[in-house]
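Numbering (the UniProt record's numbering), first residue to last: 1 to 268. We put the CB at the ideal spot given by N, CA and C, even for glycine. Here the structure is a predicted model, which is why all the values come from computation and not from measurement.
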């Protein structure tokens, strides 16, 4: 058991006491006079050296049984550090957070076989709330259809916790994203469409000259592989209200997963 006291001024540690060393150690010039003075005070130094018993062991006897029995299950998340095309070097991240006690084993598997080369770990990190976290990364070149698994073993569980990440081709990812993403977009604009519909019943807009539309295409937000994304085609500022908007991928029209907000009046 060890007693360790740090003395910090203006965010910098100037001096500390380590029971394993038995005296104060200065880390800056500002802390040197304090360390030299304290080390010469015999009664004070005896009190500091005794704190490993009077403070540390005393407190441990009170909460030791609680800490030995305490178990908090980890939360595991797997994702690529950044989106990369298949057959390019990628860094897969396995984030393991909020667990107690600190003993944990994290391993990577590819298609059921353990990967040992290219594995990098941050080591154990204290969260400051009686829990720990760690991040274990795998450097790899994903191929289409491969399944990567992060396996976590911890005393809080009777069996390993596994989370998978599947490498998908761009076309498969695009179709998957367009389907679910389009559904989300439809729900998002449902309220807007109803509002515009009822508002338009109050009166008809004045006649205006024909105005050419402004067209912008963008992803709703950047997402890694195996996550749904949403491509948005914004057509704005046109008059008359008749407009046809279609999606194409590699020259072929895409009909599945396409959702429209319908015509929305800008009020101008």
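Closest option to residue 139, judged by alpha-carbon separation, among 236, 17, 191 and 148: 148. Residue 106 places its beta carbon less than 7 Å from that of residue 152. In the same chain as residue 100, and ignoring 5 residues on each side of it, the C-beta atoms closer than 8 Å to its own belong to 70, 71, 72, 130, 131, 132 and 156, in chain order. A distance below 7 Å separates the beta carbons of residue 19 and residue 52.
Taking residue 214 as the centre and dropping the five residues before and after it, the same chain places the C-beta of 236 and 237 closer than 6 Å to its C-beta, in chain order.
Under DSSP, residue 97 shares a beta bridge with 75 and 133. Bridge pairing for residue 247: 254 [DSSP].
In the structure shown, residue 211 falls within a strand segment according to DSSP collapsed to helix, strand and coil. Restricting attention to 36, 104, 68 and 44, the CA atom closest to the CA of residue 125 is found in 104. Separation of the CB atoms of residue 142 and residue 90 is rounded to 6 Å, and the pair is thereby assigned contact status at 8 Å.
Of all alpha-carbon atoms in 161, 187 and 135, the one lying nearest the alpha-carbon of residue 92 is that of 135. Per the DSSP secondary-structure output, residue 92 pairs in a beta bridge with 80 and 138. Residue environment: residue 33 is assigned as exposed (fewer than 16 neighbouring CB atoms within 10 Å of its CB, all protein chains considered). Taking 7 Å as the cut-off, the Cβ atoms of residue 2 and residue 13 do not count as close.
Residue 39 sits close to residue 23, with the two beta carbons spaced by under 7 Å. DSSP places residue 8 in the uninterrupted beta strand (DSSP E) bounded by 4-9. DSSP places residue 121 within a strand segment (E or B) once states are collapsed to three.
The secondary-structure analysis by DSSP pairs residue 13 across a beta bridge with 8.
Annotated three-state conformation of residue 240 is coil, per DSSP. Within 10 angstroms of the beta-carbon of residue 265 lie fewer than 16 other beta-carbons, which makes it exposed.
Beta bridge pairing from DSSP links residue 234 with 216. Only buried fits residue 108, as 16 or more other CB atoms lie within 10 angstroms of its CB.
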